[in-house]
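Worksheet: one structure, shown below.
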Amino acid sequence: MIGLGPMGHPIAANLLAAGRTVAVWNRTPSRADDLVAAGALRARTLSEAAAPAILSVLPDVHQLQTLLSAEVRRAWSNAGARLVVLSTTGPEAVRGLAADLAPDGITVVDAPVSGGVAGARAATLSIMVGGTEEDVLAVRGILESIGSTVLHLGPLGSGATAKLCNQIVVAGTLASLGEALGLARRSGLDIESLLTVLRGGLANSEVLAQKQENLLARDYPLGGSTDNQVKDLQYARAAGDTVGLPARMIPVLLDLYEDTVDADRGQQDHSSVQELFLDR
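To convert, count from 1 in the sequence shown and add 871; that's the numbering used here.
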């Protein structure tokens, strides 16, 4: 397991709880201390993380590629590794990673996850999978240990594309909630009452359920960062350009989240986009 951030840490914990042997690596080694105490193996280097299945939850594949030295590649190749990319990336990026690793005999499965930190903790993630039938079958049991919905959507890159579709919806929902609550606050409505009404009707969503406390308190502890939301929307824009999508929402959303980053909220939860619509 590579990457023990807000998503990676609970995913690793659930793999342990499922009785699997798990080695963990993180740039900041102390993030692994409690997992090691619970039975995980500490990988001091990425070479020591070599295993038949290697899960990466680093923010992007480009970050991962910078860490893949010749020594790491040899170790992974000798272990017969399949690299499972759980992070959000673009289809071209994951296919490029696979092409880069193919000469070393390392295959890649893209399996980005949705469900947020709550889903990661509860092992109820929705997992969108791309890859060959053989590779996906080899890692399906692992994915079923961390998610309640695991769907093989097609060849490599299919999972990444599906996750970008997901991220457009998430980004749009949060921005819409932010603007709606801005209108409500300026109109003198009680925000808690409004959220109760929204949850009881067609406007209800998992996004609202998970982010309502952030929106109500105007406090944004890190879940999915605004920086990562911008990255995801940039990938979505590129994917849309590749297939000739006449995108209308993606450019607007990208502007909103870039403005949020410019307001020094890049490392806050992406629900902080709400602040664009509120009095300073």
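Each residue gets a CB set at the ideal place from its N, CA and C atoms; glycine is no exception.
Tell me the rounded alpha-carbon separation between residue i and residue j.
i, j, result
"Arg913", "Val1101", "32 Å"
"Ser1076", "Gly1094", "17 Å"
"Ala903", "Pro1092", "21 Å"
"Gln936", "Leu968", "8 Å"
"Thr892", "Ala920", "12 Å"
"Ala909", "Pro881", "12 Å"
"Arg915", "Trp896", "7 Å"
"Val879", "Gly1072", "In the sequence on display, residue 879 carries Gly and not Val. Approximately 33 Å between the Cα atoms of the pair."
"Thr899", "Ala991", "20 Å"
"Leu1147", "Asp1090", "14 Å"
"Val1144", "Ala1074", "18 Å"
"Arg953", "Ala1134", "40 Å"
"Arg1070", "Ala884", "31 Å"
"Gly1025", "Val1007", "10 Å"
"Val981", "Leu1052", "A small correction: the amino acid at residue 981 is Asp; Val does not occupy that position in the sequence shown. About 36 Å."
"Ala1154", "Leu1065", "Only positions 872 to 1151 of the chain appear in this structure, which leaves residue 1154 out of reach."
"Asp1061", "Val1068", "11 Å"
"Leu1087", "Pro1117", "35 Å"
"Val979", "Glu1063", "45 Å"
"Val1132", "Leu938", "26 Å"
"Arg966", "Gly1012", "23 Å"
"Arg853", "Asp1098", "Residue 853 falls outside the range modelled here, since the chain spans only 872 to 1151, and no answer is possible."
Across which residues does DSSP place residue i in a beta bridge pair?
i, result
"Ala894", "Leu912"
"Ala924", "Arg953"
"Ser1142", "Note: Ser1142 sits in no beta bridge, so no partner."
"Ser958", "Ser958 is not bridged to any residue."
"Val979", "Leu954"
"Ser901", "Bridge partners of Ser901: none, in fact."
"Val1114", "For Val1114, which the question treats as bridged, DSSP gives no partner whatsoever."
"Val984", "Ile998"
"Ile873", "Trp896, Ser927"
"Ser1096", "Asp1140"
For the candidate residues the options, whose alpha-carbon lies nearest to that of residue i?
i, options, result
"Thr1113", "Val980, Ala950, Thr1032", "Thr1032"
"Thr911", "Arg898, Ala888, Ala924", "According to the sequence provided, residue 911 is Ala. The question's Thr does not apply to it. Nearest C-alpha to Ala911: Ala888."
"Leu957", "Ala894, Tyr1106, Leu926", "Leu926"
"Leu1048", "Lys1082, Thr960, Glu1015", "Lys1082"
"Ala993", "Tyr1128, Gly1028, Glu1015", "Glu1015"
"Gly1059", "Ala964, Leu1149, Gly874", "Leu1149"
"Ala1009", "Pro923, Glu1129, Asn1085", "Pro923"
"Met1120", "Val1040, Asn949, Arg966, Val988", "Val1040"
"Gly960", "Ser1142, Pro930, Ser940", "The amino acid occupying residue 960 in the given sequence is Thr; Gly does not appear at that position. The candidate whose alpha carbon is nearest that of Thr960 is Pro930."
The ligand FAD and residue i: does any heavy atom of the ligand fall closer than 7 Å to the residue's C-beta?
i, result
"Gly1012", "Within the structure as shown, the ligand FAD is missing, as the structure has no ligands at all."
| Three or more beta-carbon pairs under 8 Å between the segment 1015–1024 and the segment 992–1006, yes or no? | Yes: at least three Cβ pairs fall under 8 Å.
| field | Ranges of the beta strand (DSSP E) found wholly within the segment 993–1061, counting only runs of at least 3 | value | Runs found: 996–1001, 1018–1025.
| task | May I ask you to verify whether the segment 967–980 touches the segment 935–947, counting CB pairs closer than 8 Å and requiring at least 3? | result | Contact holds between the segment 967–980 and the segment 935–947, because three or more Cβ pairs, one in each stretch, are under 8 Å apart.
| field | Meets three-Cβ-pair contact criterion under 8 Å: the segment 1104–1111 and the segment 1123–1142 | value | Contact holds: three or more Cβ-Cβ distances are below 8 Å.
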